[in-house]
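Protein chains in written order, with the numbering used here: chain A, 1 to 312; chain B, 313 to 624.
Please read the structure below before turning to the comments.
Written out as structure tokens, the structure is:
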């Protein structure tokens with residue numbers, strides 16, 4: 001089977017961690033332990049991953065010095081594809097070799113095409129980077145042309161917000177398919193992909209936006225004609241009526257049920273919403289199952305024995 | 313023909329530039345104008361590139377904030393493979409499409425294996441990152457375990473020095489060959505590759521070193537069984553007796569001549585030395601020509617009509 005796995009940001013940077021190199025390597029080590037179980041079954045695998053904490057750290061570093069010009073957000077995305085891709089590639093390769101497997105692991109830098117007519121560009125909503133107080137936010141906003149919003153309580157409550165447009169297609173989808181077909185494990189679409197838009201003359205240019213990584217993973221799953229989409233996170237199951245006395249685990253839901261619950265606002269936009277939407281899109285595209293569940297049960301989720309499945 | 317091109321750091325960041333995004337895009341634009349001429353002739357192409365100024369900038373940004381942990385040098389290398397690879401990949405793709413070509417351009421994160429028994433590890437020589445005064449250098453050296461050396465004049469004359477070991481092999485060489493064979497233009501080995509060494513148990517781990525990008529390009533040329541290695545820089549020809557009244561341009565030199573001149577110290581270790589060494593190794597490996605010359609004559613150098621050729 002051809003499987004696309006989306007790794008949540010929390011898999012790579014746990015709460016209370018500072019984001020050191022050794023923490024990142026340790027977290028990736030846990031991820032690899034689970035992923036080798038899937039690879040060991042003979043499946044083809046594409047790995048996508050989040051980059052929120054890492055991109056945030058680079059943004060802090062960039063803004064801390066006046067000496068060096070800042071790079072735009074899409075370049076930071078590319079930098080995190082390098083950073084995280086390298087560590088997954090190296091550590092997963094190590095895990096595979098220690099089990100006697102010679103399967104190569106490669107990372108492909110991945111651009112994701114977005115449409116500037118997407119309504120998301122008129123309503124930036126995705127908070128990124130460090131928290132500032134109002135005065136700092138106003139100064140930086142003016143200087144850099146960034147939009148800030150109050151997103152928390154207290155004094156340092158302002159964060160930059162950027163658009164989160166829908167992914168239209170994966171620029172490097174053919175390369176991902178070819179590397180997969182050659183037997184490699186492919187890391188692609190990190191951080192939701194590097195967002196690019198198309199100019200009237202057909203040239204791609206980078207845009208300051210963040211594409212949801214689960215929706216990007218879904219586009220990769222479509223373009224590689226995957227058999228399964230696994231969205232790995234830190235919850236055991238998707239829940240209905242989350243946080244209320246009526247809360248219950250969902251083992252399986254049809255596309256129709258999932259869409260009804262999405263429309264009813266059961267899944268919050270910033271967290272479970274895009275995960276369920278990604279599953280709905282994948283199932284509607286190909287009639288094959290998608291699932292959401294915890295990283296440490298990745299293989300069991302693929303087998304339908306854990307997590308929440310979305311079915312036709 | 314299968315051609316491996318090594319782009320010098322000066323092709324991506326010109327002197328007097330600050331290293332902004334728009335400068336980088338503009339510089340890459342010039343590079344692409346030359347590279348499409350080679351691609352347009354129907355050749356297969358691997359592009360390697362330097363990362364000195366970019367890695368230096370990231371190192372400055374990392375050291376400017378106490379809030380965010382610094383990443384080791386090999387991770388910075390991976391970040392620049394993402395950053396620079398993305399921009400070359402996007403802009404070269406744009407150039408090709410504007411000429412009606414559908415050749416895909418991909419960037420593969422590339423690890424380069426080095427040997428911890430390499431004498432370079434006992435004699436760190438490659439200066440990286442910002443300049444410090446003696447006191448700062450001593451403080452950071454103690455805190456981070458870095459070695460600093462006086463490399464210039466005046467007060468801010470100290471820079472971190474790291475080992476520059478010989479590349480042994482390219483970890484992702486099969487993937488590079490497969491992508492090439494599929495018709496893609498491949499960007500690989502940026503910044504000399506991400507240096508890794510092998511632990512006794514066979515696992516790769518990152519090492520803080522900088523592999524010379526021309527020597528890395530040569531290893532890629534061997535492993536992809538390339539027909540030609542082009543080292544592009546900002547000089548029209550390699551010169552003998554450089555800087556003396558006897559200085560003259562070299563149009564062509566045999567491997568034996570080149571080795572003799574290397575042994576006589578004709579080519580300085582930090583600049584022309586590794587370029588000539590890379591050419592010598594490539595010609596000795598496969599008996600095919602290698603050349604050194606200016607970026608703006610890339611195709612003519614490949615045709616043997618410009619630059620300095622090294623022949624069997």
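Glycine residues also receive a C-beta, built at the ideal position from the N, C-alpha and C atoms.
Quick caveat: nothing in here was measured; it's all calculated off a predicted structure.
Practice problem: Mind checking who residue 196(A) pairs with in its DSSP beta bridge? | Solution: When beta bridges are read from the DSSP output, residue 196(A) appears opposite 113(A) and 206(A).
Quiz item: For residue 587(B), does the three-state DSSP call read helix, strand or coil?
Solution: helix
Practice problem: With 8 angstroms as the threshold, decide whether the Cβ of residue 490(B) is near any Cβ in chain A. | Solution: yes
Self-check item: Own chain, CB closer than 6 angstroms to residue 445(B), minus 5 neighbours either side, in chain order
Solution: 467 and 468
Self-check item: Cβ contact (3+ pairs, closer than 8 angstroms) linking the segment 575–593 of chain B and the segment 516–528 of chain B
Solution: Three or more beta-carbon pairs drawn from the segment 575–593 of chain B and the segment 516–528 of chain B are found closer than 8 angstroms, and the two stretches are therefore classed as touching.
Practice problem: Report back the beta-carbon spacing between residue 418(B) and residue 496(B) to the nearest angstrom; my notes put them in contact at under 8 angstroms. | Solution: 5 angstroms
Exercise. With DSSP as the reference, label residue 315(A) as helix, strand or coil.
Key: Outside the displayed span of chain A (1 to 312) sits residue 315(A), for which this structure offers no information.
Exercise. Grab me the residues of residue 194(A)'s own chain with a C-beta within less than 6 angstroms of its C-beta, minus the 5 sequence neighbours each way, in chain order.
Key: 74, 77, 78 and 111
Exercise. Pick helix, strand or coil for residue 126(A), following the three-state DSSP scheme.
Key: strand
Quiz item: Of all Cβ atoms in chain A, is any one closer than 8 angstroms to the Cβ of residue 484(B)?
Solution: yes
Quiz item: How big is the Cα-Cα spacing for residue 160(A) and residue 147(A)?
Solution: 6 angstroms
Quiz prompt | First through last residue of the beta strand (DSSP E) which encompasses residue 418(B) | solution = 417–419
Quiz item: Three or more beta-carbon pairs under 8 angstroms between the segment 406–413 of chain B and the segment 482–496 of chain B, yes or no?
Solution: no
Quiz item: Just how far apart, CA to CA, sit residue 239(A) and residue 248(A)?
Solution: 5 angstroms
Quiz item: Taking any Cβ of chain B, which residues in the segment 101–126 of chain A have a Cβ under 7 angstroms from it, in chain order?
Solution: 104, 106, 107, 108, 109 and 111
Exercise. Kindly say whether residue 194(A), judged by its beta-carbon, lies nearer than 8 angstroms to any beta-carbon of chain B.
Key: yes
Self-check item: Reference residue 480(B), options 533(B), 328(B) and 450(B), closest by Cα
Solution: 533(B)
Quiz item: With C-beta atoms as the reference, is residue 619(B) less than 8 angstroms away from residue 549(B)?
Solution: At a Cβ-Cβ threshold of 8 angstroms, residue 619(B) and residue 549(B) count as neighbours.
Quiz prompt | Where the beta strand (DSSP E) through residue 135(A) begins and ends | solution = First-last for residue 135(A): 134–144, but that is the alpha helix (DSSP H), not the beta strand (DSSP E).
Exercise. Please compile the residues from chain B whose C-beta is within a distance smaller than 7 angstroms of the C-beta of residue 97(A).
Key: 514
Quiz prompt | Minimum Cβ-Cβ distance from residue 90(A) to chain B less than 8 angstroms | solution = yes
Quiz item: Where does residue 365(B) sit, in a helix, a strand or coil, going by DSSP?
Solution: Collapsing the DSSP output to three states places residue 365(B) in a helix.
Exercise. Could you tell me which of 288(A), 108(A), 25(A) and 274(A) sits nearest to residue 189(A), measuring between CA atoms?
Key: 108(A)
Quiz prompt | C-beta neighbour in chain A for residue 584(B), strict 8 angstroms | solution = Residue 584(B) does not count as touching chain A.
Practice problem: Quick one: list the residues of chain A neighbouring residue 332(B), beta-carbon separation under 9 angstroms, in chain order. | Solution: 69, 70 and 71
Exercise. Would you kindly check if the distance between the Cβ of residue 210(A) and the Cβ of residue 162(A) is under 8 angstroms?
Key: yes
Quiz item: With DSSP run on the structure shown, which of helix, strand or coil describes residue 413(B)?
Solution: coil
Quiz prompt | Residues that residue 406(B) contacts on chain A, provided the C-beta gap is smaller than 7 angstroms | solution = Simply 203 and 204.
Practice problem: Answer with buried or exposed for residue 633(B), where buried requires no fewer than 16 other C-beta atoms within 10 angstroms of its C-beta. | Solution: There is no way to answer for residue 633(B), as the model of chain B reaches only from 313 to 624.
Quiz item: Do you know offhand how far residue 538(B)'s Cα is from residue 583(B)'s?
Solution: 24 angstroms
Quiz item: Excluding the five sequence neighbours on either side, which residues of its own chain have a C-beta within less than 6 angstroms of the C-beta of residue 595(B), listed in chain order?
Solution: 567, 602, 622 and 624
Exercise. Work out the CA separation of residue 274(A) and residue 267(A) for me, nearest whole Å.
Key: Inter-residue distance for residue 267(A) and residue 274(A) is about 8 angstroms (C-alpha atoms, whole angstroms).
Quiz item: In three-state DSSP terms, what is residue 174(A)?
Solution: helix
Quiz item: From 164(A), 82(A) and 301(A), pick the residue whose C-alpha is nearest to that of residue 120(A); which is it?
Solution: 164(A)
Practice problem: Show which residues of chain B have a CB atom less than 8 angstroms away from the CB atom of residue 266(A). | Solution: None at all; the shortest Cβ gap to chain B is about 36 angstroms.
Exercise. Give the straight-line distance between the Cα atoms of residue 440(B) and residue 365(B), rounded to the nearest whole angstrom.
Key: 9 angstroms
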